[in-house]
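Q: Supplied in structure tokens, the structure appears directly below.
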Amino acid sequence: MTRLATLAAVADVLLDDATSPSLLHDTLEQYRDLLLTASGLDLGDDSSLKPFDTGRGIAIGATWAALCIDDELRTQRFIAGLHAAVNEAIAAGSTTPVHVVYAGTGPFATLALPLMTRFPAEQLQFTFLEINAVSLAAVERLIDALGIGAYVRDVVLTDASTYQLPDRTVDILLSETMQFSLVDEMQVPITLNLLRQLPATTVLIPERITLRLGRLAETEGEPLVEDLGELLVIDRHTLRSYVRNTKSSDFPTVTLPLPPAGGLFAIRTGIQIFGGYRLEDYESGLTNPEIIGRFPDEEGTPETVEFTYQMEPCPYLRMLFRQNGAATPSEIGSEQKQEQYTGQHNGPFAE
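According to UniProt numbering, numbering within the sequence shown proceeds without interruption in unit steps and concludes at 351.
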């Protein structure tokens, strides 16, 4: 079987909503093997393992970006959501190819390649943006090895959070450059920069990312007991209406009350990819709830907690717990997550 035939078979499985978990697992292993072989990426090389600080957030090493393919529902649903968005754009009657800007491709451009077996190049074109030179070189090798250059309008080594698009006729803006709770990595700075350059008709994928406060059960799996309110929404509307003032890049602060009885509290990340394709609690590494506290503690239970999403010096979530007139600060992001990208993984390529 040729590499393109293998890719087409992978696409068949990933785009079938009825695919079983076991078949999905086996197919993604096959897809990963194809990408590793065709790209020539050395997962264990120092240059692939190491992240770097862009000054605005963390760009993970090529190895860790490559291994995101193993987050199975995340991979399948993003590919299926993108496929649905392309189909919708074609059905709208465009006379030019659907143009997708894919910001943060990693070394594999994982979310794009299966679609190249579903549409002719006359209907679908990609622009790839990537900040990591090792990842970009792997993508270029993949394009050559698979013979898919006709689908790729451009491959650009750049910081997508500052990049100015030379061609603003973009139908779909795709970026999956995040961690749960939207901290450290570049999802918000990238989409904020690019979307504001594009027409109002441009589709954003994911369409919406929502952070919510929840109280979890004190049991294995920590299912949700009570939703306590919305902290942050990142979608086309909020990004276009965001105004950076002269003193701060913060998003508006949200204050929520905590139940007096206390409990186990967490920030939940929900992702609406496109249409009916979503990721909810525990379905992906992106949507694992982030525990922020168990109350009452020795001080009791805070009356309220304030949340402020900040983008400088890098994306993180600042919290302020208030109780009896006193305020206790805390945060998610920055140093708390650096260890995920500096060789302290438990994976097979950790140093």
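For every residue, glycine included, the Cβ atom is placed at its ideal position computed from N, Cα and C.
What are the partner residues of L82, as DSSP defines its beta bridges?
A: Answer by DSSP bridge pairing: none, since L82 is not bridged.
Q: State whether the segment 14–23 contacts the segment 120–129, with contact taken as three or more CB pairs (one from each stretch) at a distance under 8 Å.
A: The segment 14–23 vs the segment 120–129: no contact.
Q: Let me make sure I understand the geometry here. Which of T110, S330, C314 has the alpha-carbon closest to that of R32?
A: Here the closest residue by C-alpha is T110.
Q: Identify which residue in L23, D281, L41 has its Cα closest to the Cα of A133.
A: If we check each option's Cα against that of A133, L41 comes out closest.
Q: Less than 6 Å between the CB of S161 and some heavy atom of the ligand GDP, yes or no?
A: The model on display carries no ligand, and the ligand GDP is accordingly not part of it.
Q: Taking the alpha carbon of G104 as the reference point, which residue from T37, L194, L35, Q30 has its own alpha carbon closest?
A: It is L194 whose Cα lies nearest to the Cα of G104.
Q: Is E339 helix, strand or coil by DSSP?
A: Confidence is the limiting factor: at E339 the pLDDT is only 42, short of 50, which leaves the residue's position unreliable and the question unanswerable from this model.
Q: Which same chain residues, not among the five before or five after S248, have their C-beta less than 7 Å away from its C-beta?
A: Cβ neighbours of S248 beyond the five flanking positions: none.
Q: Are the beta-carbon atoms belonging to D235 and R196 less than 7 Å from one another?
A: Contact flag unset, no.
Q: Are the segment 322–336 and the segment 292–308 in contact at 8 Å, needing three or more beta carbon pairs?
A: Enough Cβ pairs lie closer than 8 Å, so yes.
Q: Let me confirm a value: L23 is counted as buried when at least 16 other C-beta atoms fall within 10 Å, else exposed. Which label applies?
A: It is exposed - the Cβ of L23 has fewer than 16 other Cβ atoms within 10 Å.
Q: Would you identify the three-state DSSP class for V139, choosing helix, strand or coil?
A: In this structure, V139 counts as helix in the three-state DSSP scheme.
Q: So, with DSSP's three-state summary, where would you put P107?
A: P107 falls in the coil class under three-state DSSP.
Q: Quick check: P329 and I273, are their CB atoms within less than 7 Å of each other?
A: Contact flag unset, no.
Q: Report buried or exposed for A217, applying the criterion of at least 16 other Cβ atoms within 10 angstroms of its Cβ.
A: By the neighbour-count rule (16 or more Cβ atoms within 10 Å), A217 is not buried but exposed.
Q: Exposed or buried, what is M116 when buried is set at 16 or more other beta-carbons lying within 10 Å of its beta-carbon?
A: Buried, since its Cβ has 16 or more Cβ neighbours within 10 Å.
Q: Apart from the five residues on each side of it in sequence, which residues of its chain come closer than 6 Å, Cβ to Cβ, to Q179?
A: Hits under 6 Å: E185.
Q: Considering only the beta carbon of each residue, do E306 and T269 sit closer than 7 Å?
A: No, Cβ-Cβ distance for E306 and T269 is not below 7 Å.
Q: Measure how close the beta-carbons of L4 and L146 come, nearest whole angstrom, since I'm counting them as under 8 Å.
A: Going by Cβ atoms, the distance from L4 to L146 rounds to 6 Å, so yes, they are a contact pair.
Q: In whole angstroms, what separates the C-alpha of F119 from that of L113?
A: Approximately 11 Å between the Cα atoms of the pair.
Q: State the DSSP-derived secondary structure class of T287, mapped to helix, strand or coil.
A: Of the three classes helix, strand and coil, the one that applies to T287 here is helix, per DSSP.
Q: Closer than 8 Å by C-beta to D12: which residues in its own chain qualify, once you throw out the five before and the five after it? Chain order, please.
A: Nothing listed; no residue qualifies.
Q: For V170, which option in S181, T158, R153, A261 has the closest C-alpha, if you only look at C-alpha atoms?
A: Answer by Cα proximity: R153.
Q: For a test of the three-state rule: what should DSSP assign to P114, helix, strand or coil?
A: Three-state result, P114: helix.
Q: To which residues of the same chain is I143 closer than 7 Å at the C-beta, ignoring the five residues directly before and after it?
A: Excluding positions up to five away in sequence, the list reads G149, V152.
Q: Using 8 Å as the cut-off, can you tell me whether the segment 284–296 makes contact with the segment 84–100, which would need three or more C-beta pairs spanning the two stretches below that distance?
A: Because the criterion of three Cβ pairs below 8 Å is not met, the segment 284–296 and the segment 84–100 do not touch.
Q: Go through its chain and collect everything with a Cβ distance to A38's Cβ below 8 Å, but skip five positions before and after it.
A: Cβ neighbours of A38 beyond the five flanking positions: R3, R141, L142, A145, L146.
Q: Bridge partners for Q272 per DSSP, in chain order?
A: Answer is R208, R278.
Q: Between A9 and V225, what straight-line distance do the alpha-carbon atoms span, to the nearest angstrom?
A: Cα-Cα distance, rounded: 41 Å.
Q: Could you check the C-alpha separation between E230 and A66 for me, to the nearest Å?
A: If I take the Cα positions, the gap works out to 32 Å.
Q: If you compare alpha carbons, which of L211, F108, I190, L157 is closest to L204?
A: The shortest C-alpha separation from L204 is found at I190.
Q: With DSSP as the reference, label F265 as helix, strand or coil.
A: Note: F265 maps to strand in three-state DSSP.
Q: How far does the beta strand (DSSP E) with V170 in it reach, from first residue to last?
A: Careful: V170 lies outside any beta strand (DSSP E) and carries neither H nor E.
Q: Grab the span of the alpha helix (DSSP H) containing V225 for me, first residue to last.
A: Premise fails: V225 lies in the beta strand (DSSP E), 224–235, not in any alpha helix (DSSP H).
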